[in-house]
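Last residue of the sequence shown? That's 279 in the numbering used here, and every number before it is there in order.
Idealized CB from N, CA, C, for every residue including glycine.
In this text, all values refer to a predicted model and were calculated from it rather than measured experimentally.
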Amino acid sequence: MAQNERFPLKHVAVIGGGAGGLTATKRLTEPGSGFTCTTFEQTDNVGGTWVYTEQTGRDQYGLPVHSSMYKSLKTNLPKEIMELSGYHHKRHADKSYIAANDVLQYLNDFADNFELRKYIKFRHHVNYVKPIDGDKWEVQVKDLVNQKTDTYTFDGVIICIGNYSNPVYPNYKGKDICKVPIMHSHDYRTPEAFANKRAVVVGSGPSGLDITHDISTKATTVFLSHHSERVNSLRWPRNVDMKPDIAELTENGVRFQDGSYEEVDLILYCTGKIKHGRV
Numbered sequence: 001m002a003q004n005e006r007f008p009l010k011h012v013a014v015i016g017g018g019a020g021g022l023t024a025t026k027r028l029t030e031p032g033s034g035f036t037c038t039t040f041e042q043t044d045n046v047g048g049t050w051v052y053t054e055q056t057g058r059d060q061y062g063l064p065v066h067s068s069m070y071k072s073l074k075t076n077l078p079k080e081i082m083e084l085s086g087y088h089h090k091r092h093a094d095k096s097y098i099a100a101n102d103v104l105q106y107l108n109d110f111a112d113n114f115e116l117r118k119y120i121k122f123r124h125h126v127n128y129v130k131p132i133d134g135d136k137w138e139v140q141v142k143d144l145v146n147q148k149t150d151t152y153t154f155d156g157v158i159i160c161i162g163n164y165s166n167p168v169y170p171n172y173k174g175k176d177i178c179k180v181p182i183m184h185s186h187d188y189r190t191p192e193a194f195a196n197k198r199a200v201v202v203g204s205g206p207s208g209l210d211i212t213h214d215i216s217t218k219a220t221t222v223f224l225s226h227h228s229e230r231v232n233s234l235r236w237p238r239n240v241d242m243k244p245d246i247a248e249l250t251e252n253g254v255r256f257q258d259g260s261y262e263e264v265d266l267i268l269y270c271t272g273k274i275k276h277g278r279v
């Protein structure tokens with residue numbers, strides 16, 4: 001009798017086809033692991049948050065667009081410490097800090113090298129997961145292409161959908177009367193929308209600083225609102241002006257806590273994200 005007949009493989013659901021989901025899929029399907037898996041990914045490719053898309057808001061199926069990737073993003077960590085177990089970068093040997101698209105290519109190479117795509121159901125959205133029969137899990141999944149819903153039973157579930165994807169919007173005084181278009185960094189893609197405009201960027205985290213540089217290539221003036229002394233000491237393009245925290249929004253602009261006021265064409269919040277809801 002074959003070993004897998006005496007000890008049947010445990011079937012595990014993996015939710016998400018990003019870096020975490022690919023790693024889980026690889027480990028579960030290795031010979032001798034005692035497991036097999038089915039991986040569900042709601043987009044049409046692996047890569048998770050590293051997938052760049054022009055879409056914002058909701059996708060063609062009405063689901064929230066997960067990725068916050070903007071076109072010019074480069075890693076702020078060396079690629080060498082971002083590698084997944086068992087697979088080294090085969091490209092860009094001459095540099096450690098690489099573009100987001102290169103990270104995505106690496107994840108695709110990883111999936112192809114270990115032949116993981118055969119375990120992945122693309123365009124499948126998990127509606128819910130719940131425990132049943134003591135040690136089993138019920139997983140309801142919708143095939144987004146044909147709009148068919150199926151329910152599966154698994155021995156285990158590994159959730160690899162990331163933690164933070166819901167944008168945080170500050171609750172400034174005057175937000176209800178403000179007519180200035182407001183965008184969150186989650187929906188930022190390219191600087192073209194800021195061409196020849198005066199813009200306020202709120203927040204001095206990695207995204208805020210990076211995107212400020214990006215839009216300064218197109219905008220007339222960028223006001224960076226923050227409260228970091230370190231950021232004030234950095235070198236900035238001539239059209240970037242440091243501002244303190246926002247005191248209030250007005251119909252056509254922003255008043256800052258030092259009393260200064262600027263009329264602007266766009267406001268961009270780089271104010272972070274919170275954990276999304278349960279699966």
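C-alpha distance - Asn161 paired with Ile120, whole-angstrom precision = Reading the sequence as shown, one finds Ile at residue 161 and not Asn. CA-CA distance, Ile161 to Ile120, rounds to 14 Å.
ask   = What is the DSSP secondary structure of Asp214, counted as helix, strand or coil?
value = Collapsing the DSSP output to three states places Asp214 in a helix.
request  = Would you grab the beta carbon distance between Asn239 and Ser260 for me? Rounded to a whole angstrom, and I think it's under 8 Å.
outcome  = Between Ser260 and Asn239 the Cβ distance is about 17 Å, and since that is not below 8 Å, they are no contact.
Own chain residues within Cβ distance below 8 Å of Pro285, not counting five before or after = Only positions 1 to 279 of the chain appear in this structure, which leaves residue 285 out of reach.
request  = Assign Tyr106 to buried or exposed, taking buried as 16 or more other Cβ atoms, counted over all protein chains shown, within 10 Å of its Cβ.
outcome  = Per the 10 Å Cβ criterion, buried.
ask   = Are the C-beta atoms of Glu83 and some chain D residue less than 7 Å apart?
value = Judged by its chain identifiers, the structure shown contains no chain D, having just a single protein chain.
ask   = Do Ser207 and Ser228 come within 7 Å of each other at the CB atom, strictly closer than that value?
value = Result no, Cβ atoms of Ser228 and Ser207 do not sit closer than 7 Å.
8 Å contact criterion, which Leu144 and Arg123 should meet: CB distance rounded = Contact between Leu144 and Arg123 is confirmed by a C-beta separation of about 4 Å, below the 8 Å threshold.
ask   = How should Lys173 be labelled, buried or exposed, when 16 other C-beta atoms within 10 angstroms of its C-beta is the threshold for buried?
value = Looking at its Cβ environment, which holds fewer than 16 other Cβ atoms inside 10 Å, Lys173 is exposed.
message = Can you give me the C-alpha to C-alpha distance between Glu263 and His184, rounded to a whole angstrom?
response = Spanning the two alpha carbons is a distance of roughly 19 Å.
request  = Using alpha carbons as the reference points, say which of Cys270, Leu224 and Met82 lies closest to Arg255.
outcome  = Residue Leu224 is the option with its Cα nearest to Arg255.
task = Apply the 10 Å Cβ neighbour rule to Tyr70 and answer buried if 16 or more other Cβ atoms are within range, or exposed otherwise.
result = Its Cβ being crowded by 16 or more others within 10 Å, Tyr70 is buried.
ask   = Do Ala13 and Thr36 have their C-beta atoms within less than 7 Å of each other?
value = Taking C-beta atoms as the reference points, Ala13 and Thr36 fail to come closer than 7 Å.
inquiry  = Considering only DSSP beta bridges, list what Met183 is partnered with.
reply    = DSSP output for Met183 lists Leu268 as bridge partner(s).
query = Do Gly17 and the ligand FMN come close, with the Cβ less than 6 Å from some heavy atom?
reply = Because no ligand of any kind appears in the structure shown, any question about the ligand FMN cannot be addressed here.
Val103, enclosing alpha helix (DSSP H) - first and last residue = Where Val103 is concerned, the enclosing alpha helix (DSSP H) stretches over Ala100 to Asn113.
request  = Please confirm whether Ala318 and Val46 have their CB atoms less than 7 Å apart.
outcome  = Nothing in the structure corresponds to residue 318, since the chain is present only between 1 and 279.
query = In whole angstroms, what is the alpha-carbon distance linking Thr23 and Thr49?
reply = Whole-angstrom Cα-Cα distance: 15 Å.
ask   = Going straight from the alpha carbon of Pro281 to that of His226, what length do you get?
value = The chain is shown from 1 up to 279; residue 281 falls before or after that span and cannot be answered.
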